[in-house]
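In this note's numbering, the protein residues as written are 8 to 269.
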Amino acid sequence: MGFWHIIIGCLLLAAVVVALAVCVVCGYGFLLLWKRPLRALYAARAAEEDFCALAEIPQQMIRYFLLVEDEKFYKHRGYLPDAIRDAFRLNLKRGEIITGGSTITQQLVKNLYFDFHKSYWRKLVELFLAIVAEKQLGKDRILEFYFNIIYFGNGIYGISDAVDFYFKKKIGDLTTNQMFMLACMPYAPTKGNPVRQPEVFERIRNRRLDYWVGQHRISDEEASIIRSFDAAHLDDELRPADAFTENYSQEIVLINERFGPF
Numbered sequence: 008m009g010f011w012h013i014i015i016g017c018l019l020l021a022a023v024v025v026a027l028a029v030c031v032v033c034g035y036g037f038l039l040l041w042k043r044p045l046r047a048l049y050a051a052r053a054a055e056e057d058f059c060a061l062a063e064i065p066q067q068m069i070r071y072f073l074l075v076e077d078e079k080f081y082k083h084r085g086y087l088p089d090a091i092r093d094a095f096r097l098n099l100k101r102g103e104i105i106t107g108g109s110t111i112t113q114q115l116v117k118n119l120y121f122d123f124h125k126s127y128w129r130k131l132v133e134l135f136l137a138i139v140a141e142k143q144l145g146k147d148r149i150l151e152f153y154f155n156i157i158y159f160g161n162g163i164y165g166i167s168d169a170v171d172f173y174f175k176k177k178i179g180d181l182t183t184n185q186m187f188m189l190a191c192m193p194y195a196p197t198k199g200n201p202v203r204q205p206e207v208f209e210r211i212r213n214r215r216l217d218y219w220v221g222q223h224r225i226s227d228e229e230a231s232i233i234r235s236f237d238a239a240h241l242d243d244e245l246r247p248a249d250a251f252t253e254n255y256s257q258e259i260v261l262i263n264e265r266f267g268p269f
């Protein structure tokens, strides 16, 4: 009888701990939302001159971003349980947090509310905020907001500035290759930037390209066009960064009122 009392007591204690953790996560999430409401952040960004509406972004580019960043974006509710589970297993195996299994919605709230320090606590709050964002903004606004705040390296945030900085073009004039390049940049915007690290960027780009060709989601013809630009061509295609942005860190988010928590 005593053994079962101990088991029941442990289960009750675990339930209390979980309930308290959920309350703390939700409470902190609500505090962040109270200080910086999602709809207000979206409205402020949408009012800026360089804001790019979703309708202005070519469907082919949207397709590439969803393939590379979040294929199930229009099907999930802000998070993917399988991706979170797989990320946790990989992190446990490596002994450090190297991936979070984030959806586009989670990436959005991460950029709006957090710095780039990784922790399980942050991931829990991020998960809560992603669920709220799905309800408050909806899919199209989340995707539009994401395109306008995501980091593309060299101190460049948002798709409009990225298109101008890297290609000196209007967004509607981008080539197939350029659209896929932009879709690959957010994964490693500094360490795999095509201006500074073209070989690293190509490895990242080609891994994604090979996967989606294998899944028959990108045609061999498209892949051939994208692969035709190797490292030797990238510097010719891209506008070189100036000295000020050469080592620009993503930590700029900490001192930018538009994106950072401070």
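For every residue, glycine included, the Cβ atom is placed at its ideal position computed from N, Cα and C. The structure presented is a predicted model; accordingly, all values stated were derived computationally and were not measured.
| message | Rounding to the nearest angstrom, what Cα-Cα distance links F174 and W219 in this structure? | response | As a first step, residue 174 must be located in the sequence shown, where it is residue number 167. As a first step, residue 219 must be located in the sequence shown, where it is residue number 212. About 25 Å.
| request: Enumerate in chain order the residues of its own chain whose CB-to-CB distance from Q67 is below 8 Å, with the five nearest sequence positions on each side excluded. | output: Along the sequence shown, read from residue 1 onward, the residue named residue 67 stands at position 60. Within the same chain, Q67 has close Cβ partners T183, M186.
| Quick one, which of N200, L189, G34 has its alpha-carbon nearest Y71's? | The count along the sequence shown starts at 1 and reaches residue 71 at position 64. The candidate whose alpha carbon is nearest that of Y71 is L189.
| request: Indicate whether the contact test is met: 3 or more Cβ pairs, each with one atom in the region 165 to 180 and one in the region 50 to 66, closer than 8 Å. | output: yes
| task | Look at the alpha carbon of I64 and the alpha carbon of G179, and state the distance between them as a whole number of angstroms. | result | Walking along the sequence shown from the start, residue 64 turns up at place 57. Walking along the sequence shown from the start, residue 179 turns up at place 172. Cα to Cα, the separation comes out at about 7 Å.
| task | Using beta-carbon positions only, say whether E291 and P201 come within less than 9 Å of one another. | result | Residue 291 cannot be examined here, being either before or after the span of the chain that is shown, 8 to 269.
| query | Which word fits S226, buried or exposed, when buried means at least 16 other C-beta atoms lie within 10 angstroms of its C-beta? | reply | Translated into the one-based positions of the sequence shown, residue 226 becomes position 219. The residue in question, S226, is exposed, as its Cβ has fewer than 16 Cβ neighbours within 10 Å.
| Using the rule of at least 16 other Cβ atoms within 10 Å of the residue's Cβ for burial, across every protein chain shown, is P44 buried or exposed? | The count along the sequence shown starts at 1 and reaches residue 44 at position 37. Answer is exposed; the Cβ neighbour count stays below 16.
| message | Taking the straight line between their C-alpha atoms, what separation do you get for V207 and Y194? | response | The residue labelled residue 207 in the question sits at position 200 within the sequence shown. The residue labelled residue 194 in the question sits at position 187 within the sequence shown. Approximately 12 Å between the Cα atoms of the pair.
| request: Return helix, strand or coil for Y194, following the three-state DSSP convention. | output: Here the question's residue 194 lines up with position 187 in the sequence shown. It is helical.
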